[in-house]
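*Asks:* Quick one: structure below, then a few questions.
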Amino acid sequence: MPYPDRKYIYDVFRNFYNPPEGTEKFFDYVDDNVHWQVTGQHRFSGTWSTKEDYYNATWANINLLLDEPGYKLEVPGGEAGVIVGQDGWSVIEMKTVNTKTKSGVPYNQHYSWHCRWNEEGKIVEAKAFLDADHLEKVFGGEQRKLGLASA
161 MPYPDRKYIY DVFRNFYNPP EGTEKFFDYV DDNVHWQVTG QHRFSGTWST KEDYYNATWA
221 NINLLLDEPG YKLEVPGGEA GVIVGQDGWS VIEMKTVNTK TKSGVPYNQH YSWHCRWNEE
281 GKIVEAKAFL DADHLEKVFG GEQRKLGLAS A
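Position in the sequence shown counted from 1, then plus 160, gives you the numbering used here.
Written out as structure tokens, the structure is:
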């Protein structure tokens, strides 16, 4: 298979619209040895070299803070919101939809994920950009409310 096209990538990211099952399905398209970076200086920033490490450090902890159904994301521009470059690279804009913490605080976040795909249709490298201040305010506050963090 050649590198994924816009429709394929959009369909993969559409899985995030139906948590938690869709989130699990999304991670089927992430290579086990992915290189993943979340930019910024916040409690969920870092760099990981496996899917398991990335998931456990970020999604697993964030899921503890969110009300059901969890992290619901959409690509605001639809398929046109996916930019496909050369050598398997793509850029995807996403935003949360009706996502709130267990205590009811809305989490209105925008993301830009820069992903490199292999020819098998899996993400092998990703860099996520987001509003770190908003993340800290909402998730840091929720962790303190739930007794999961001291500061």
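We put the CB at the ideal spot given by N, CA and C, even for glycine.
1. Expressed to the nearest angstrom, what Euclidean distance is found between the alpha-carbon atoms of A217 and P162?
2. Please state whether DSSP places G301 in a helix, a strand or coil.
3. When you compare only the Cα positions, how much space is there between L290 and E181?
4. Nearest by alpha-carbon distance to V257: which of E296, Y231, N278 is it?
5. Given this structure, state the Cα-to-Cα distance separating Q303 from K185, to the nearest angstrom.
6. Could you check which residue in G307, E279, K305, F299 has the C-alpha nearest to that of R203?
7. Name the DSSP bridge partner or partners of I243?
8. Is K185 helix, strand or coil by DSSP?
9. Which same chain residues end up closer than 7 Å to N278 when comparing Cβ atoms and leaving out the 5 residues on each side of it in sequence?
10. How would you label P236, buried or exposed, when you count the other beta carbons within 10 angstroms and need 16 or more for buried?
11. Where D293 and P164 are concerned, what is the direct C-alpha to C-alpha distance, given to the nearest angstrom?
*Replies:* In this structure, then:
1. For A217 and P162, the distance between alpha carbons rounds to 31 Å.
2. helix
3. 23 Å
4. Y231
5. 27 Å
6. F299
7. Bridge partners of I243: V251.
8. helix
9. Excluding residues up to 5 positions away in sequence, D191, G248, V284 lie with their Cβ nearer than 7 Å to the Cβ of N278 in the same chain.
10. exposed
11. 33 Å
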